[in-house]
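K.L.:
Chains as they are written, first to last, in my numbering: chain A, 1 to 305; chain B, 1001 to 1366.
1. For residue 246 of chain A versus residue 134 of chain A, is the C-beta spacing smaller than 8 Å?
2. What is the residue span of the alpha helix (DSSP H) that residue 1094 of chain B lies within?
3. Interface residues of chain A around residue 1089 of chain B at Cβ under 7 Å?
4. Under a Cβ-count criterion, where at least 16 other Cβ atoms within 10 Å of its own Cβ denotes burial, should residue 1125 of chain B be classed as buried or exposed?
5. How far does the beta strand (DSSP E) with residue 1017 of chain B in it extend, from its first residue to its last?
6. Using only alpha-carbon positions, find the residue among B:1029, B:1042 and B:1077 that is nearest to residue 1051 of chain B.
7. Kindly indicate which residue of A:199, A:208, A:75 and A:178 has the alpha-carbon position closest to the one of residue 91 of chain A.
8. Of all Cβ atoms in chain A, is any one closer than 8 Å to the Cβ of residue 1072 of chain B?
9. Bridge partners of residue 1241 of chain B, per DSSP?
10. At a CB distance below 7 Å, what residues from the region 1077 to 1088 of chain B approach chain A? Give them in sequence order.
11. Alpha carbon to alpha carbon, how far is residue 1344 of chain B from residue 1205 of chain B?
12. Comparing the C-beta of residue 1098 of chain B with each C-beta of chain A, is any distance below 8 Å?
13. Going by the DSSP bridge assignment, what does residue 1313 of chain B pair with across the sheet?
14. Measure the CB-CB distance between residue 1341 of chain B and residue 1311 of chain B and report whether it falls below 8 Å.
15. Who are the neighbours of residue 216 of chain A on chain B, taking C-beta pairs under 8 Å?
16. For residue 1239 of chain B versus residue 1300 of chain B, is the C-beta spacing smaller than 8 Å?
17. Go through the region 1181 to 1210 of chain B residue by residue and report every complete run of the alpha helix (DSSP H) that reaches 4 residues or more, in order.
18. Give a yes or no on whether the minimum CB-CB distance between residue 1052 of chain B and chain A is below 8 Å.
19. Return helix, strand or coil for residue 1044 of chain B, following the three-state DSSP convention.
20. Just the chain B side, please: which residues come within less than 7 Å of residue 212 of chain A by C-beta, in chain order?
21. What are the partner residues of residue 1227 of chain B, as DSSP defines its beta bridges?
22. By how many angstroms is the C-alpha of residue 97 of chain A removed from the C-alpha of residue 1145 of chain B?
23. On the DSSP letters alone, give me the boundaries of the alpha helix (DSSP H) that residue 79 of chain A sits inside.
24. Using alpha carbons as the reference points, say which of B:1072, B:1149 and B:1265 lies closest to residue 208 of chain A.
25. Check whether the Cβ of residue 259 of chain A lies closer than 8 Å to any Cβ atom in chain B.
26. List, in chain order, every chain B residue whose beta-carbon is nearer than 9 Å to that of residue 203 of chain A.
27. I want to see whether chain B comes within less than 8 Å of residue 208 of chain A, judged by CB atoms only; does it?
28. Within 8 Å, do at least three Cβ pairs link the region 1149 to 1164 of chain B to the region 1128 to 1135 of chain B?
29. Using the rule of at least 16 other Cβ atoms within 10 Å of the residue's Cβ for burial, across every protein chain shown, is residue 1268 of chain B buried or exposed?
30. Would DSSP call residue 1350 of chain B helix, strand or coil?
31. Can you give, in chain order, each stretch of the alpha helix (DSSP H) that sits fully within the region 189 to 221 of chain A and has at least 4 residues?
32. With H, G and I counted as helix, E and B as strand and the rest as coil, what does DSSP make of residue 1303 of chain B?
33. Tell me the residue span of the beta strand (DSSP E) that contains residue 1078 of chain B.
34. Name the chain B residues whose beta carbon is nearer than 8 Å to that of residue 200 of chain A?
35. Among the residues of its own chain, which have a CB less than 8 Å from the CB of residue 241 of chain A, if the five just before and after it don't count?
36. Just confirm the distance between the C-beta atoms of residue 235 of chain A and residue 288 of chain A, as a whole number of angstroms; I'd bet it's less than 8 Å.
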């Protein structure tokens, strides 16, 4: 039974929702629909995308831009790279965050340590990318290296390495992933640390008395107990990493095998609106399932309280 | 199975002294209870033994083994926590099996021990459940079960009953006592509840402000408390204390409280002789003050007249709150008592069971 006071007729609830609905429509619903319709148009949006078709070449009609987004060589490279970004940086950030959370929990100077780890989050991603670009910098052919990493290598008697323009594409990507992990580990640490603090001390003590080593306490008690939070952090990181742009744009601009979806989208935003929008829709389509998982997990976690 | 030795153990947290010079030998198979008000260091004493706190000074032995630097996992102890501290992500079975699995006990052996412990505690039908699906009493049993299956040298229990409702607490109290007899292992039990301490312990260690007040059997703590604190802490309702003067009259010694004068029996008088003319603390338990009409025969009764302030009928007895002068005290009387609020009543004090304490040191005069 709904209490009488809550029965407010047909109109009143909608009235309360009005503000939110207007904002949602203007800033989310309309742009989404517009993006989708534009993705079916050509370069300038003047005609249907099928106008871009070349006779004798494969053509997907009005979905021509999607044909590009899903079959073009560079787009395939971007998709491959995004997949690798997910596979490697998500465990990387969550793992590093978890490690920092567990370790800082055990030291007296916890707050300082955590602040230091979290600090990169406060730097703009573009700024951080520039910092790291200097660290990776290669003075081609010169003996003196001003890039920190190469300077160290040379000082130790090694040969300087092309960290961002390496002929081996995986090296360039690894360099970028390290920057990403450096940037995001602090964020993961903060959330996971809060979750760890929620594990009652007595339970940890009970497991120690039961015979668990610190390692076993972590794997058998702590981790399973904060698993819901780990999942939420991981899915959040998947979403973030799918959208990765700034680091790639600033440091390599997608060259030497480092292309990602968002960078492709940005490249076409002026020159080929249709393609750009199709890539945007593809990105949304990839993110939505993760988003749904994330929200579901979050609700489960809330229900557990 | 092992004895426990605390050898001059100290524990400081910064400037705060939590445990001060704790020095006890606990025999194998003993049920020792640490009891005292909150903040008296009883839990800390237990946690020092468990290895959950570091010892500041002194030594602790389990059996013959010095355990100061032994981590909890290697001390062969099992502990039951106040919050039960069950692993929420594991079933009851897994909770109980956890310690054994860590020790790589064979599967069949684990299964046998878990089922056996579950049978002892009557929780066989709960083995597949998660802790969240259990009631408080059931969780408590699982926590006990988790300790039992380990077959440890010592059982440590930190206020395991305080989260249970009154009825369940009494029931579980008896069950833990039975468990102790059955398992024949050393039990060390922490509680703030003197009733729990009295009913369960083979010996009780009374603590206050980190200092041991008295270690003795329940009977001795009740009958021969060493000081005012122990006398007041053990027994419910608590012992009545009066500020009195020891006076001599015709060769006999009396305690004089201004509104009353009671004759001391010879053996008490002998101990009190050095205090003639001085003030002492006189203690009499409520159960040793009777309505004169229903006074039991054969006791050395001394009369006292007081005004009834409040009466509480408990069923088989009545708690009568009495006033002598401005001093309130409690008597437990026969339910047939004619005590009426505001009226005067004649009561008698059983002088065989009274206690005298030095006013300055608060120590018993014997």
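Here a beta-carbon is modelled for each residue, glycine too, at the ideal position from N, C-alpha and C.
P.N.:
Concretely, from the data shown:
1. Taking 8 Å as the cut-off, the beta carbon of residue 246 of chain A is found no closer than this to the beta carbon of residue 134 of chain A.
2. The continuous alpha helix (DSSP H) containing residue 1094 of chain B extends over residues 1092 to 1102.
3. Annotation: Cβ neighbours of residue 1089 of chain B in chain A (cutoff 7 Å, chain order): 224 and 225.
4. Burial call: exposed.
5. Here the beta strand (DSSP E) through residue 1017 of chain B covers 1016 to 1026.
6. The residue with the shortest Cα to Cα distance from residue 1051 of chain B is B:1077.
7. For the residues A:199, A:208, A:75 and A:178, the minimum Cα distance to residue 91 of chain A belongs to A:178.
8. Yes, its Cβ sits closer than 8 Å to a Cβ of chain A.
9. Residue pairing by DSSP puts residue 1241 of chain B in a beta bridge opposite B:1283.
10. Taken in chain order, the members of the region 1077 to 1088 of chain B whose beta-carbon sits within less than 7 Å of a beta-carbon on chain A are 1077, 1078, 1079, 1081, 1083, 1085, 1087 and 1088.
11. For the pair residue 1344 of chain B and residue 1205 of chain B, the Cα-to-Cα distance works out to about 40 Å.
12. Yes, because at least one Cβ of chain A sits closer than 8 Å to the Cβ of residue 1098 of chain B.
13. B:1318, per the DSSP bridge assignment.
14. The answer is yes: Cβ separation under 8 Å.
15. Residues of chain B with a Cβ closer than 8 Å to the Cβ of residue 216 of chain A are, in chain order, 1102.
16. For residue 1239 of chain B and residue 1300 of chain B, no; Cβs fall outside 8 Å.
17. Complete alpha helix (DSSP H) runs here, min 4: 1194 to 1200.
18. Yes, its Cβ sits closer than 8 Å to a Cβ of chain A.
19. Of the three classes helix, strand and coil, the one that applies to residue 1044 of chain B here is helix, per DSSP.
20. Within chain B, the residues near residue 212 of chain A are 1073 and 1102.
21. Its beta-bridge partners are B:1363.
22. The alpha-carbon of residue 1145 of chain B is positioned some 36 Å away from that of residue 97 of chain A.
23. Unbroken alpha helix (DSSP H) run through residue 79 of chain A: 73 to 104.
24. Residue nearest to residue 208 of chain A within the set B:1072, B:1149 and B:1265 is B:1072 (criterion: CA-CA distance).
25. Not one beta carbon of chain B lies nearer than 8 Å to the beta carbon of residue 259 of chain A.
26. Close partners of residue 203 of chain A in chain B (Cβ separation under 9 Å): 1081, 1083, 1085, 1086, 1087 and 1088.
27. Chain B, which has a Cβ nearer than 8 Å to the Cβ of residue 208 of chain A, makes this yes.
28. Taking a contact to require three or more Cβ pairs closer than 8 Å, the region 1128 to 1135 of chain B and the region 1149 to 1164 of chain B do not qualify as touching.
29. Burial check for residue 1268 of chain B: the Cβ neighbour count within 10 Å reaches 16 or more, so the residue is buried.
30. Residue 1350 of chain B: strand per DSSP, three-state reduction.
31. Complete alpha helix (DSSP H) runs here, min 4: 201 to 209.
32. Under the three-state reduction of DSSP output, residue 1303 of chain B falls in the strand class.
33. Its beta strand (DSSP E) spans residues 1077 to 1080.
34. Within 8 Å Cβ-Cβ: 1083 and 1085.
35. Here the set comprises 82, 85, 86, 89, 90 and 180.
36. Contact flag wrong, Cβ pair sits at about 12 Å.
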